[in-house]
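Chemist:
Residue numbers (the working numbering): 69 to 783.
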């Protein structure tokens with residue numbers, strides 16, 4: 069705080085201080101004296117132009133007012149040093165120094181833009197406190213008092229009109245025609261401007277902050293910060309951060325100081341505390357001391373007593389950064405339990421928002437809540453916006469969850485919106501069904517039809533992500549010719565725009581459904597493209613090598629007319645079965661054991677068949693049986709006189725699409741290639757084997773599968 073000695077400083081000493089300021093234009097000095105300068109400027113009512121001077125009497129008067137103001141701030145001073153640094157005894161200077169502090173750039177979290185409202189000129193047109201005069205004599209009456217707020221109906225109507233504004237110009241026009249605004253309405257207008265102008269960490273049109281309507285709103289909020297309601301105060305502060313106003317501006321500092329005073333009283337609601345916390349995160353980040361006080365008050369209320377809006381507000385606060393370091397895990401457990409009870413009452417926005425928060429907060433242990441929200445999402449599939457639906461699908465992919473009722477709702481919804489939904493939403497739908505191995509013909513047929521007409525509007529990544537699920541699921545839609553004709557056209561015109569690995573995955577997916585992109589494979593096997601696939605300083609990814617190897621095998625086996633470059637041996641793998649990312653699916657152990665037991669009985673001994681055999685062609689056989697020229701079974705160890713090799717594919721649930729009997733694309737490709745390589749492929753699918761009741765039926769089934777043309781005499 070400022071000592072009494074500072075109140076008796078002569079004019080000369082003030083100017084010495086000013087000279088010291090000018091000689092030390094460092095950020096540390098700015099932070100040290102910023103608060104005192106701010107108080108002098110606002111309490112001394114000085115002209116803010118750079119040419120302002122301070123006389124001897126004015127200097128003492130301002131110092132006195134500064135001390136009085138700082139004393140009246142009380143505990144609010146605890147926050148201000150976080151913005152400007154600590155105030156030492158005797159630190160007083162003139163108004164021009166404050167302008168230097170206010171004009172210094174500050175790099176602070178996401179607050180990238182600057183708009184120092186401490187430089188707004190107080191036009192003669194401004195009316196007395198409580199109203200603001202605009203240009204050309206129009207009067208904008210801004211009511212801040214809590215005694216006579218506008219009627220609720222008027223606030224709702226204003227909010228509805230505000231939401232209907234599609235540009236900041238319309239927002240400003242609405243403000244010009246408003247007769248009276250409450251602080252909440254004023255803050256809402258600033259939020260709407262932010263909604264329309266925000267683009268990343270800046271505004272599309274920073275000039276909107278210089279408009280008279282915005283300047284007037286901010287000036288009134290600055291002058292009457294003490295009379296704002298708690299909700300209006302924190303909402304206004306949040307709007308300032310969303311508009312990227314300078315944290316050193318007097319508007320922001322006044323709002324923060326007033327928020328500290330209200331926080332100390334302990335009367336803010338949970339929702340208001342959440343808004344304040346998010347604003348503080350934007351200003352200072354998770355290390356803000358005032359944020360700790362906010363979280364203490366939030367925790368004291370207890371999740372069980374929160375409303376749905378308050379619960380979602382706390383999730384949003386923690387998601388924005390208040391839970392960094394995992395310090396709020398105990399609070400989150402209580403919130404998850406309370407959210408489970410509220411899930412049946414959540415609307416579409418609440419469901420999508422809460423699911424997004426669970427992913428952002430890495431709550432992998434919240435599976436019961438995810439399942440409850442998924443059940444609730446079924447009711448809102450038709451009501452989700454594109455962004456909300458994309459978010460929900462992304463979360464379900466993250467948690468690896470699918471629900472038959474949700475899938476049914478999507479099958480009814482997607483055909484209605486496939487031609488109108490945003491490209492990213494359509495792409496996310498295809499990704500979700502592909503990742504969960506769900507072959508939904510209504511969904512993929514609708515997506516295929518829309519792809520033919522909309523593919524030119526998709527970027528290369530979206531094109532690939534819509535085709536990859538078709539390859540993974542091994543599904544060809546009815547208009548497959550048109551779909552892959554469109555893909556070929558895009559590859560011809562935009563080949564160089566594809567990322568190398570995305571392009572390789574796209575071409576590989578085409579081969580899984582027997583669509584062979586021979587015209588482009590020759591480009592893939594060239595040394596330049598292979599170098600592009602390799603990340604600098606690292607070995608090439610094994611999955612990439614496996615895709616290259618299978619792509620090469622495909623064109624050699626199924627496109628004998630191919631005469632382009634070959635894939636050099638150093639880029640080939642020896643096995644498609646590998647941990648982390650494989651082009652084959654491991655055999656189901658339980659199903660394999662049942663089949664093995666039946667084979668031992670059928671063939672007479674375990675030595676007559678081999679398991680998990682790696683072939684020279686990179687594929688791994690679940691079971692291999694060797695036959696001589698007369699059809700007799702040879703011991704597995706014999707390599708001479710082998711006339712035919714039988715490959716048993718023991719296909720468990722994971723080799724089929726979910727809830728269907730269609731092989732995944734990679735498994736169908738494996739069996740197709742094995743046949744081309746001369747193997748007699750015998751498929752033993754789980755849905756056939758599970759119908760067998762006893763060992764004799766198992767042996768009979770295996771005999772008919774492996775030796776369909778031979779009579780069983782005795783074993």
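In this text, a Cβ means the ideal position worked out from N, Cα and C, and glycines have one as well.
Would you tell me roughly how many angstroms separate the C-alpha atoms of residue 43 and residue 320, rounded to the nearest one?
Modeler: This structure cannot speak to residue 43, because the chain is shown only from 69 to 783.
Chemist: Counting C-beta neighbours from all protein chains within 10 Å, is the total for residue 357 16 or more, i.e. buried, or is it exposed?
Modeler: Counting from one through the chain shown, the residue named residue 357 turns up at place 289. Residue 357 comes out exposed.
Chemist: Specify the secondary structure class of residue 174 as computed by DSSP and reduced to three states.
Modeler: Against the chain shown, residue 174 aligns to sequence position 106. The predicted position of residue 174 is uncertain, since its pLDDT is 31 and thus under 50; no value can be drawn from it.
Chemist: Counting Cβ pairs closer than 8 Å, one from the region 561-576 and one from the region 523-535, do we hit at least three?
Modeler: yes
Chemist: In three-state DSSP terms, what is residue 642?
Modeler: Residue 642 sits at position 574 when you count from the first residue of the chain shown. In this structure, residue 642 counts as coil in the three-state DSSP scheme.
Chemist: Please classify residue 753: does DSSP put it in a helix, a strand, or coil?
Modeler: On the chain shown, residue 753 is found 685 positions in, with the first residue counted as 1. Of the three classes helix, strand and coil, the one that applies to residue 753 here is strand, per DSSP.
Chemist: For the alpha helix (DSSP H) that residue 390 lies in, which residues bound it at each end?
Modeler: Looking up residue 390 in the chain shown gives position 322. No alpha helix (DSSP H) contains residue 390, which DSSP labels as neither H nor E.
Chemist: Please give the ranges of any beta strand (DSSP E) in the region 688-751, keeping only runs that are unbroken, at least 3 residues long and fully inside the region.
Modeler: Segments of the beta strand (DSSP E) lying fully in the region 688-751: 688-695, 712-719.
Chemist: Per DSSP, residue 267 is paired with what?
Modeler: By one-based count along the chain shown, residue 267 stands at place 199. Paired residue(s): 270.
Chemist: Looking only at C-alpha atoms, which of 726, 725, 744 sits nearest to residue 715?
Modeler: As a working mapping, residue 715 is identified with position 647 in the chain shown. When 726, 725, 744 are compared, the shortest CA-CA separation from residue 715 is found for 744.
Chemist: Compare the Cα-Cα distances from residue 297 to each of 252, 405, 718 and report the closest residue.
Modeler: The residue you call residue 297 lines up with position 229 of the chain shown. If we check each option's Cα against that of residue 297, 252 comes out closest.
Chemist: If you follow the beta strand (DSSP E) that residue 680 is in, where does it begin and where does it stop?
Modeler: By one-based count along the chain shown, residue 680 stands at place 612. Run containing residue 680: 678-682, per the beta strand (DSSP E) assignment.
Chemist: How far does the alpha helix (DSSP H) with residue 771 in it reach, from first residue to last?
Modeler: Position 703 of the chain shown, counted from the start, is the residue given in the question as residue 771. Per DSSP, residue 771 belongs to the alpha helix (DSSP H) from 763-774.
Chemist: Could you check where the alpha helix (DSSP H) with residue 465 kicks off and where it finishes?
Modeler: As a position in the chain shown, residue 465 is number 397, starting the count at 1. Where residue 465 is concerned, the enclosing alpha helix (DSSP H) starts and stops at 454-467.
Chemist: By the 10 Å Cβ neighbour count, where 16 or more other Cβ atoms means buried, how is residue 686 classified, buried or exposed?
Modeler: Counted from its first residue, the chain shown places residue 686 at position 618. With 16 or more Cβ atoms within 10 Å of its Cβ, residue 686 is classed as buried.
Chemist: Taking all protein chains shown into account, do 16 or more other C-beta atoms lie within 10 angstroms of the C-beta of residue 378, making it buried, or fewer, making it exposed?
Modeler: Taking the first residue of the chain shown as 1, we reach residue 378 at position 310. Buried, by the Cβ-count rule.
Chemist: What's the C-alpha gap between residue 764 and residue 697?
Modeler: Counted from its first residue, the chain shown places residue 764 at position 696. Counted from its first residue, the chain shown places residue 697 at position 629. Spanning the two alpha carbons is a distance of roughly 28 Å.
Chemist: What number of angstroms, rounded off, separates the C-alpha of residue 766 from the C-alpha of residue 717?
Modeler: Residue mapping note: residue 766 aligns to position 698 of the chain shown, counting from 1. Residue mapping note: residue 717 aligns to position 649 of the chain shown, counting from 1. Near 16 Å, if we compare the C-alpha coordinates of residue 717 and residue 766.
Chemist: Quick one: complete alpha helix (DSSP H) runs, 4+ long, within the region 235-304?
Modeler: 236-244, 251-265, 280-291
Chemist: Would you list the one or two residues that DSSP bridges to residue 506?
Modeler: Taking the first residue of the chain shown as 1, we reach residue 506 at position 438. Residue 506 is bridged by DSSP to 726.
Chemist: Would the beta-carbon of residue 755 fall within 8 Å of that of residue 729?
Modeler: On the chain shown, position 687 is the one that residue 755 refers to. On the chain shown, position 661 is the one that residue 729 refers to. Going by C-beta atoms, residue 755 is nearer than 8 Å to residue 729.
Chemist: Curious, which full-length alpha helix (DSSP H) runs of at least 4 residues does the region 585-630 contain?
Modeler: Segments of the alpha helix (DSSP H) lying fully in the region 585-630: 586-592, 595-601, 610-626.
Chemist: Put residue 651 into one of helix, strand or coil per three-state DSSP.
Modeler: The count along the chain shown starts at 1 and reaches residue 651 at position 583. Residue 651: coil per DSSP, three-state reduction.
Chemist: Buried or exposed, going by whether 16 or more other CB atoms sit within 10 Å of the CB of residue 772?
Modeler: Within the chain shown, numbered from 1, the residue matching residue 772 stands at position 704. With fewer than 16 Cβ atoms within 10 Å of its Cβ, residue 772 is classed as exposed.
Chemist: Under the three-state reduction of DSSP, which class applies to residue 781: helix, strand or coil?
Modeler: Position 713 of the chain shown, counting from 1, holds the residue named residue 781. With a pLDDT of 46 at residue 781, under the threshold of 50, the modelled position of that residue is not reliable, and the figure given next carries that caveat. If DSSP states are grouped into helix, strand and coil, residue 781 belongs with coil.
Chemist: Spatial neighbours of residue 128 within its chain, please: CB distance less than 6 Å, with the 5 preceding and 5 following residues excluded, ordered by chain position.
Modeler: Here residue 128 refers to the residue found at position 60 of the chain shown. Below a pLDDT of 50, predicted positions are generally treated as unreliable, and residue 128, at 43, falls in that range; no measurement from the model is reported.
Chemist: Is it the case that the Cβ atoms of residue 601 and residue 620 are separated by a distance below 8 Å?
Modeler: Walking along the chain shown from the start, residue 601 turns up at place 533. Walking along the chain shown from the start, residue 620 turns up at place 552. In this structure, residue 620 does not lie closer than 8 Å to residue 601 by Cβ.
Chemist: Can you tell me where the alpha helix (DSSP H) holding residue 226 begins and where it ends?
Modeler: Start at 1 with the first residue of the chain shown, and residue 226 comes out as number 158. Residue 226: member of the alpha helix (DSSP H) spanning 220-231, first to last residue.
Chemist: For residue 413, does the count of other Cβ atoms within 10 angstroms reach 16, so buried, or fall short, so exposed?
Modeler: On the chain shown, position 345 is the one that residue 413 refers to. Exposed.
Chemist: What span of residues does the alpha helix (DSSP H) with residue 554 cover, start to end?
Modeler: To locate residue 554, count along the chain shown from 1; it is residue 486. Where residue 554 is concerned, the enclosing alpha helix (DSSP H) stretches over 548-562.
Chemist: Report the residue from 408, 342, 446 whose alpha carbon sits nearest the alpha carbon of residue 372.
Modeler: As a working note, residue 372 is residue 304 in the chain shown. It is 408.
Chemist: So what does DSSP say about residue 158, is it helix, strand or coil?
Modeler: Position 90 of the chain shown, counted from the start, is the residue given in the question as residue 158. Below a pLDDT of 50, predicted positions are generally treated as unreliable, and residue 158, at 36, falls in that range; the measurement from the model is reported next regardless. In the structure shown, residue 158 sits in coil (DSSP, three-state: anything other than H, G, I, E or B).
Chemist: Pull up the CB-CB distance for residue 347 and residue 376, whole angstroms please, since I reckon it's below 8 Å.
Modeler: Position 279 of the chain shown holds residue 347. Position 308 of the chain shown holds residue 376. Wrong, their Cβ atoms sit about 22 Å apart, outside the cutoff.
Chemist: With H, G and I counted as helix, E and B as strand and the rest as coil, what does DSSP make of residue 369?
Modeler: Along the chain shown, read from residue 1 onward, the residue named residue 369 stands at position 301. Residue state, collapsed to three classes: helix.
Chemist: Quick one, which of 547, 349, 362, 238 has its alpha-carbon nearest residue 330's?
Modeler: Mapped onto the chain shown, residue 330 falls at position 262. Ranking the options by Cα distance to residue 330, first place goes to 362.
Chemist: Where does residue 786 fall in DSSP's three states?
Modeler: Because residue 786 is not part of the residues shown, which for the chain are 69 to 783, the question remains open.
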